[in-house]
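One structure below.
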Amino acid sequence: MSTAHADGRLDLRRWASRLWDAVRINVPLWWVLAWTGVLWVLLPWRKTFTTDDLPGSAVLEQHAADIRAELDVLLAEREAIPGFHEVDPGQRRLSDSRRWQVFVLRFYGLDVEANRQRCPKTAAALDQVPDVHTAFFSIFEPHTGLPRHTGAVKGIVRYHLGLIVPDSPDCWIEIGGQRHHWEEGKTLIFDDTFIHRARNDTDETRVVLFVDLVRPMPWPWLDRANRRMLDRLARSTRITDPVARAARFADNPPVDFADNPPVER
Numbered sequence: 028m029s030t031a032h033a034d035g036r037l038d039l040r041r042w043a044s045r046l047w048d049a050v051r052i053n054v055p056l057w058w059v060l061a062w063t064g065v066l067w068v069l070l071p072w073r074k075t076f077t078t079d080d081l082p083g084s085a086v087l088e089q090h091a092a093d094i095r096a097e098l099d100v101l102l103a104e105r106e107a108i109p110g111f112h113e114v115d116p117g118q119r120r121l122s123d124s125r126r127w128q129v130f131v132l133r134f135y136g137l138d139v140e141a142n143r144q145r146c147p148k149t150a151a152a153l154d155q156v157p158d159v160h161t162a163f164f165s166i167f168e169p170h171t172g173l174p175r176h177t178g179a180v181k182g183i184v185r186y187h188l189g190l191i192v193p194d195s196p197d198c199w200i201e202i203g204g205q206r207h208h209w210e211e212g213k214t215l216i217f218d219d220t221f222i223h224r225a226r227n228d229t230d231e232t233r234v235v236l237f238v239d240l241v242r243p244m245p246w247p248w249l250d251r252a253n254r255r256m257l258d259r260l261a262r263s264t265r266i267t268d269p270v271a272r273a274a275r276f277a278d279n280p281p282v283d284f285a286d287n288p289p290v291e292r
């Protein structure tokens, strides 16, 4: 959702609220940004990947039909699926409406068991893939988009499996200045610490299975250090609070939990 008034003027109060949320929630995790800086120096600058780069990741393509069938059942009760900002208030800087909805199966290594039980074939397919760190259905309403932004964690790579994709050049993601288009049943894998943005400027819904995988490292010591960082992050309230919210949405009718964003303790 835009931070502008209907007449095009910037809504400063709303913009400031988003900025304050981003600072309050994310600044305590300065050490995550520091680790990402280290990886920028040590790793090749590579924007996109293939399933050959990530052992076992091709399994999800093989199960795309089963995953899509479970998604279709979920979409029949779409009003119960929260916006991403309701699960994770830190996402308000990108979207503060239900035009971007998420059905969370795993978040930073922590499972939302009630949601996994509703999608057993999807959960089973994910369990066959090594090092799945996060997984959820990402649902874009028609005429929805995300502004340019970067991820904070270079120790993961992002994997999108296209499930419902409008057949139009107006549905796209731009990564490091290069535009890509999702395809149903196909994967798009990228480093989200490069500047990226996404748009669905069509009259149809777009859905991908959004997965973060632990990034392969060139040296064992770097892999160990990266996993320790990810484990520490998963134990922080920056992660455990959104997981709790996702579980509450799974167990109860939708309500807005975004009034009290988590702060790292």
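Its first residue numbered 28, the sequence shown is counted upward by one per residue in the working numbering. Glycine included, each C-beta is placed from N, C-alpha and C at the ideal position. In this text, all values refer to a predicted model and were calculated from it rather than measured experimentally.
When DSSP states are grouped into helix, strand and coil, R105 belongs to the helix group. If you compare the alpha carbons of E88, F111, W246 and H187 with that of V129, the shortest gap goes to F111. Beta-bridge analysis with DSSP links N227 to T171 and C198. When D80, Y135, R259 and D278 are compared, the shortest CA-CA separation from F217 is found for D80. Counting along the chain, I216 sits inside the beta strand (DSSP E) bounded by residues T214 to F217. Look at W127 here: in three-state DSSP terms it is strand.
V59 is classed as buried because its beta carbon has at least 16 other beta carbons within 10 Å across all chains shown.
L69 and D278 have their C-alpha atoms roughly 43 Å apart. As a beta-bridge residue in DSSP terms, S165 pairs with V129 and V235. For V184, no alpha helix (DSSP H) segment is defined; the enclosing uninterrupted segment is the beta strand (DSSP E) at I183 to I191.
Using a Cβ-Cβ distance cut-off of 8 Å, the region 152 to 170 and the region 215 to 234 are in contact, since at least three pairs of beta carbons, one from each stretch, lie closer than that value. Taking C-beta atoms as the reference points, E113 and R272 count as a pair closer than 8 Å. For a cut-off of 8 Å, the C-beta gap from D219 to R185 is around 5 Å, short enough to register as a contact. Within the same chain, L121, R224 and A225 come within 6 Å of L173 by CB-CB distance, once the 5 residues on both sides are set aside. Distances from the CA of T177 to each of A141, V241, G204 and S195 were compared; the closest alpha carbon is that of G204. About 6 Å separates the beta carbon of L87 from that of V156, a gap short enough to meet the 8 Å contact definition.
Membership of H112 in any beta strand (DSSP E) is not indicated; the residue belongs instead to the alpha helix (DSSP H) covering F111 to V114.
Comparing C-alpha distances from G117 to each of T264, F276 and A274 shows the shortest one belongs to T264. Going by C-alpha positions, F163 is about 16 Å away from A92. Contact annotation, T63 with K181: C-beta distance approximately 4 Å; criterion of less than 8 Å satisfied.
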